[in-house]
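The structure under discussion appears below in the form of structure tokens.
Number of protein chains: 4
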Amino acid sequence: MPQQTIGFIGLGNMGRPMAANLQAAGFALRVYNRTRDKARELEQKGATVVDNPRDVAESGGIVVSIVADDRALEAIATDELAKALGPGGLHLSMSTVLPTTSAKLAERHAKFGATFLAAPVFGRPEAAEARKLWICVSGPADAKERAESVFDALGQGVFDFGDGVGAANVVKLAGNFLLTAAIEGMAEASALAEKNGIPREKFLGMMIQTLFNCPIYQNYGKRVIAADWDKVGFPARLALKDMRLAQQTAAESRAPMPVLDLLVGRYVSALAKGRDESDASVLAQGAADDAGLKW
Amino acid sequence: MPQQTIGFIGLGNMGRPMAANLQAAGFALRVYNRTRDKARELEQKGATVVDNPRDVAESGGIVVSIVADDRALEAIATDELAKALGPGGLHLSMSTVLPTTSAKLAERHAKFGATFLAAPVFGRPEAAEARKLWICVSGPADAKERAESVFDALGQGVFDFGDGVGAANVVKLAGNFLLTAAIEGMAEASALAEKNGIPREKFLGMMIQTLFNCPIYQNYGKRVIAADWDKVGFPARLALKDMRLAQQTAAESRAPMPVLDLLVGRYVSALAKGRDESDASVLAQGAADDAGLKW
Amino acid sequence: MPQQTIGFIGLGNMGRPMAANLQAAGFALRVYNRTRDKARELEQKGATVVDNPRDVAESGGIVVSIVADDRALEAIATDELAKALGPGGLHLSMSTVLPTTSAKLAERHAKFGATFLAAPVFGRPEAAEARKLWICVSGPADAKERAESVFDALGQGVFDFGDGVGAANVVKLAGNFLLTAAIEGMAEASALAEKNGIPREKFLGMMIQTLFNCPIYQNYGKRVIAADWDKVGFPARLALKDMRLAQQTAAESRAPMPVLDLLVGRYVSALAKGRDESDASVLAQGAADDAGLKW
Amino acid sequence: MPQQTIGFIGLGNMGRPMAANLQAAGFALRVYNRTRDKARELEQKGATVVDNPRDVAESGGIVVSIVADDRALEAIATDELAKALGPGGLHLSMSTVLPTTSAKLAERHAKFGATFLAAPVFGRPEAAEARKLWICVSGPADAKERAESVFDALGQGVFDFGDGVGAANVVKLAGNFLLTAAIEGMAEASALAEKNGIPREKFLGMMIQTLFNCPIYQNYGKRVIAADWDKVGFPARLALKDMRLAQQTAAESRAPMPVLDLLVGRYVSALAKGRDESDASVLAQGAADDAGLKW
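Protein chains in written order, with the working numbering: chain A, 62 to 356; chain B, 62 to 356; chain C, 62 to 356; chain D, 62 to 356.
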């Protein structure tokens with residue numbers, strides 16, 4: 062069987078290991094990134110690097126994209142790209158964006174006979190590297206079926222949320238909310254413990270060994286204990302963006318979410334205090350500040 | 062070796078299986094409960110039933126108590142009980158109460174040479190029955206050491222929070238907050254999902270299999286999915302009590318906890334709507350109400 | 062002196078009485094409204110009615126606009142309008158919109174030598190009719206000076222917020238927040254009173270005669286007492302829009318506003334419950350719902 | 062007519078000018094204060110000073126008390142005092158306390174045939190001095206009638222909230238909430254203004270001249286502008302106490318009050334930052350801190 066070529070757009074902290082995994086799984090790659098030097102390693106392993114996002118596409122082929130935000134996605138998922146994909150083409154959009162952005166772009170692709178499929182992922186760069194991402198997908202059944210081999214190369218499991226074009230995006234936003242809420246919970250509880258003389262490593266240490274012995278609490282619990290916001294997995298500035306996308310989706314779909322509002326407020330305050338580039342878990346520092354604690 | 066006798070006060074949903082486990086572990090029991098008929102089964106297995114809480118104690122012996130709230134604890138942990146325990150006596154207080162209540166009662170016991178040790182537990186009645194409780198303890202080292210064989214008969218692990226008399230109570234309140242916050246998070250995220258056409262069983266189903274595959278999220282996630290608040294493990298009215306104890310402790314120790322405030326508000330609203338005796342997870346219904354969803 | 066002609070766009074509940082006041086003050090009007098029949102009365106008193114917003118403008122002249130939202134404003138404040146105004150032309154923008162929208166439109170006008178001046182107003186339609194509006198303005202000094210005679214015909218006072226193009230818009234959003242927060246305060250306090258057996262008309266009755274004897278509390282206090290949300294001054298749906306503009310501005314300028322977040326949540330819930338077209342004061346019903354009160 | 066004697070307990074910032082006004086109105090006074098030297102001036106004008114609160118009472122007479130909190134009130138409103146008042150005696154309780162405290166003390170007084178009437182007041186010390194207090198009262202009609210001449214000497218108006226013994230206390234707590242919420246509103250709106258380059262004196266300056274031209278907004282608006290928390294009218298520590306009384310009453314009467322919860326959180330944070338003795342308006346500093354503003 063001739064090797065299948067996939068177009069790949071976006072070589073950030075997530076995109077790079079994902080592209081490498083596709084390559085390792087036997088796909089040929091045509092890649093685009095705004096700053097070309099991030100493509101060096103892939104190129105050495107045989108990828109073709111192009112200078113314009115539309116050039117990653119071939120008629121009837123598959124394109125995978127994972128970029129920073131809605132604006133970046135709209136900038137690459139142009140009429141030109143859709144046209145280059147053409148009838149039978151498939152765009153797997155793995156960025157964290159608004160469901161309404163997916164709806165708009167799905168329409169744009171449909172104009173040229175191509176399919177735009179929302180397939181955002183859960184997992185940090187380490188998980189991307191280890192093929193341990195969780196993939197959420199929604200959209201036309203045949204497109205989801207065709208994407209399977211790509212998903213297999215990227216993650217440890219796929220969850221299908223039906224045929225609503227933006228449904229998978231909502232799940233991604235709701236999931237990000239849930240994990241950020243867990244950090245806030247740990248931060249408040251830790252502040253309570255410390256104001257009563259109990260070190261947070263003892264309190265959280267117990268919690269993440271017992272009732273909350275799952276990845277999110279363990280990973281973020283350790284970060285809250287260390288209070289080392291300088292080791293950045295995902296910057297606070299982008300976490301604010303994600304929380305605001307969730308807030309916008311909540312308002313538009315008429316779902317009041319008071320804890321989400323609080324999380325947005327925490328990030329707005331973090332940025333007001335100059336913590337834009339700290340790790341997203343710096344959220345926890347807000348509870349400490351309010352309690353007069355130095356973490 | 063002659064069989065050791067333990068005084069046991071409080072045969073509620075938690076106390077009954079705990080007392081039975083002590084009996085099964087070879088301890089003789091002298092038990093007290095406000096309504097005597099709950100002691101029947103223990104009595105048939107050899108326990109002595111008494112009519113006054115102070116009569117469970119013997120000089121220099123051990124008493125275990127687990128009752129509904131601070132008021133109930135103060136009502137049984139009287140001067141008479143402390144006097145009956147006397148020098149070398151040990152009271153293991155396993156109720157969820159204020160740290161300040163423990164401090165006050167520790168002083169009361171000390172007047173008569175006895176020790177009051179806070180040792181609250183995490184776990185629902187099923188966990189109590191299965192000896193799967195997690196026990197938090199704080200106080201004098203020798204008392205904690207002496208309590209070990211009792212704890213062994215009741216739980217799967219003990220966490221020591223130092224010698225502060227109320228520290229273990231703070232941990233229990235902070236932990237209860239953390240798990241209630243998890244329910245609120247799941248409720249808000251589920252409301253967002255459903256307002257966007259995604260059934261909450263699909264959304265939460267993914268979450269509790271992946272990022273949140275730990276007991277709290279799985280148990281409560283299933284309850285939120287079922288929305289069956291009539292199957293009561295722990296009533297909303299007592300959950301409000303616990304959250305208010307946490308809120309009071311937070312205010313007095315100067316730790317602002319906005320998510321906790323929200324949880325108290327949710328329970329106050331639940332009771333305003335007549336849900337006093339629903340399961341504590343009815344909290345989740347508040348987010349659904351606000352979003353105009355029928356769960 | 063020859064009569065000055067003013068272009069006027071937007072004949073909604075606010076725009077109609079404002080246009081009439083300009084006419085009464087001796088200005089000739091050239092008016093545009095999406096639905097032409099709202100211009101009938103003005104036409105009978107001598108106004109010229111045009112079919113395209115750009116046709117209200119004359120080279121170097123003045124245009125006043127007051128429309129529903131940012132999108133409507135962007136739709137009328139086109140390149141064509143700016144070009145028709147041309148060098149020396151002045152657009153007085155009295156709508157409640159984002160400061161960033163004003164900045165964008167100011168730039169658009171500047172391209173053609175015209176000036177765009179943000180001049181949003183406080184006051185309900187009755188105040189507009191009675192020339193009792195309060196006008197906030199910011200922008201170039203000479204434009205503000207030139208606008209004086211127009212403002213005189215419309216309001217009882219002008220407040221100048223300097224030369225920042227969107228500053229007046231921020232003041233309008235902040236002011237709307239402040240008055241909506243006052244309604245929420247009255248609602249919560251009234252719920253507390255009623256749950257303790259004190260009718261809200263007695264509680265609020267005292268407050269608005271004493272500590273809070275000012276228009277906002279008196280007007281909205283009476284509405285909260287009457288709980289007559291069907292008599293609509295300003296619909297909840299537009300109030301949500303205003304609060305979300307404030308929320309967006311707050312997030313972008315890094316100002317956490319927890320009470321504002323709560324107000325947005327109240328309106329989102331009101332709309333989730335089908336109260337889109339109720340009066341904006343229906344916000345208060347949320348506090349009653351949560352407390353299990355029927356208002 | 063012989064001069065009527067009134068017992069007076071509590072010569073704090075409020076009590077001193079109130080007692081002086083009673084004296085000026087022709088009442089003879091028998092006064093008690095924990096620190097006797099605060100009674101000096103009243104003594105010079107003819108008051109009798111006693112060393113025990115119960116000694117201010119005479120059989121069938123009137124006692125007025127205004128003390129710092131529930132505990133202080135319970136400490137003076139003893140069985141001994143009630144007995145000294147005896148049948149026909151009347152205790153006018155003007156402190157800010159829980160309605161349940163009033164209920165308990167009313168019962169205590171009734172045991173001895175005396176009446177305990179809740180009559181808390183709105184107004185700062187300057188208002189007390191100027192006889193400009195607003196008085197809330199609830200309880201038995203004959204007692205309220207008998208109190209009229211006393212109220213006349215102290216305030217500018219009396220509002221009657223029926224015969225519920227604690228109703229007036231609820232009104233006082235709800236009113237304090239309402240004015241504190243107004244400060245928070247001004248603080249958040251000011252932070253928004255300043256983060257957008259508009260000085261808060263310009264923004265609030267407009268608001269308190271126009272829509273919010275009432276005493277609360279004007280007085281506290283000026284304080285927020287000055288950000289001079291060191292000029293203390295009422296310390297933050299006592300404001301927290303008041304807000305917590307309101308919060309407790311809200312929880313017990315099943316009225317969720319999210320803005321109130323936020324205010325409690327603001328004061329808890331203020332105290333965590335060492336602002337216990339700052340003026341209550343220091344609440345506003347919390348919004349500034351969160352926004353990274355130096356006020």
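Ideal placement from N, C-alpha and C gives every residue a C-beta, glycine not left out.
Note that the structure is a prediction, hence the values are computed from the model and not measured.
Taking a C-beta distance under 7 Å as the contact criterion, Leu-90(D) and Ile-67(D) qualify as a contact pair. The CB of Glu-249(B) comes closer than 9 Å to the CB of Ala-235, Phe-238, Leu-239, Ala-242, Ala-311, Ala-316, Pro-317, Met-318, Pro-319, Val-320 and Leu-321 in chain A, given here in chain order.
Below 8 Å, enough C-beta pairs join the segment 213-231 of chain A and the segment 169-183 of chain A to call them touching: three or more. For Ser-210(B), the enclosing alpha helix (DSSP H) begins and ends at 202-215.
For Glu-206(D) and Ile-244(C), the gap between their C-alpha atoms comes out near 34 Å.
Listed along the chain, the chain A residues whose CB falls inside 8 Å of the CB of Leu-166(B) amount to none; the nearest CB is some 17 Å away. If you look at Thr-162(B), you'll find it in the alpha helix (DSSP H) that goes 160-171.
Shortest Cα-Cα distance from Arg-132(C) to any of Leu-159(C), Phe-69(C) and Gly-218(C) involves Leu-159(C). The CB of Asp-351(A) comes closer than 7 Å to the CB of Pro-317 in chain B, given here in chain order.
Within the DSSP bridge table, the entry for Ile-196(D) names Val-182(D) and Val-219(D) as partners. Residues of the segment 251-263 of chain D whose Cβ lies closer than 7 Å to any Cβ of chain C, in chain order: Ala-252, Leu-253, Ala-254, Lys-256, Asn-257, Gly-258, Ile-259 and Lys-263. Interface residue (Cβ-Cβ distance to chain C less than 7 Å): Ala-229(B) is not classified as such. Using a CB distance cut-off of 7 Å, Trp-195(A) counts as an interface residue toward chain B. The alpha helix (DSSP H) runs lying completely inside the segment 229-255 of chain B and spanning 4 residues or more number zero.
Taking Leu-265(A) as the centre and dropping the five residues before and after it, the same chain places the C-beta of Met-247, Ser-251, Gly-282, Val-285 and Ile-286 closer than 7 Å to its C-beta, in chain order. Along the segment 272-303 of chain D, the positions whose C-beta sits under 9 Å from a C-beta of chain B are Leu-301, read in chain order.
Apart from sequence neighbours up to five positions away, the residues of its chain that approach Ala-254(A) with a beta-carbon distance below 7 Å are Arg-261 and Phe-264, ordered along the chain. In the assembly as shown, Ala-145(D) is a buried residue. Its beta-carbon has 16 or more other beta-carbons within 10 Å.
Around the C-beta of Ser-120(B), fewer than 16 other C-beta atoms lie within 10 Å, and the residue is accordingly described as exposed. Rounded to the nearest whole angstrom, the C-alpha separation of Val-325(A) and Leu-239(C) is 20 Å. Listed along chain B are Val-320, each with a C-beta nearer than 7 Å to that of Glu-245(A).
Using a 10 angstroms sphere on the CB of Pro-317(B), the tally of other CB atoms reaches 16 or more, which defines it as buried. Of the residues assessed, Gln-84(B) falls on the buried side of the cut-off, its CB having 16 or more other CB atoms within 10 angstroms. Your pair Trp-290(D) and Arg-336(D) checks out as a contact, with CB atoms roughly 7 Å apart and the cut at 8 Å. Residues of the segment 329-346 of chain C with a C-beta atom less than 9 Å from some C-beta of chain B are Val-329, Ser-330, Leu-332, Ala-333, Lys-334 and Gly-335, listed in chain order.
In summary, Arg-77(C) is buried, with 16 or more beta-carbon neighbours lying within 10 Å of its beta-carbon over all protein chains present. Listed by position along chain D, the residues whose Cβ is nearer than 8 Å to that of Met-268(C) are Gly-236 and Leu-239. The shortest CA-to-CA distance from Ala-349(C) to any of Asn-257(C), Phe-183(C), Glu-249(C) and Leu-321(C) is the one to Glu-249(C). By the rule that beta-carbons nearer than 7 Å mark a contact, Gly-326(B) touches chain D.
In the DSSP assignment, Leu-332(B) falls within the alpha helix (DSSP H) that extends over 319-333.
Contact note: Arg-305(D) reaches chain B through Gln-309 and Ala-312, using a C-beta cutoff of 9 Å and chain order. Within chain C, the residues Gly-258 have their CB atoms less than 7 Å from the CB of Gly-225(D), given in chain order. Membership of Phe-264(C) in any beta strand (DSSP E) is not indicated; the residue belongs instead to the alpha helix (DSSP H) covering 261-270. For Gly-347(A) and Asp-303(C), the gap between their C-alpha atoms comes out near 28 Å. A residue is called buried once 16 or more other Cβ atoms fall within 10 Å of its Cβ, and Asn-94(A) is buried on that count. Per DSSP, the beta bridge partners of Pro-296(C) are Asp-340(C).
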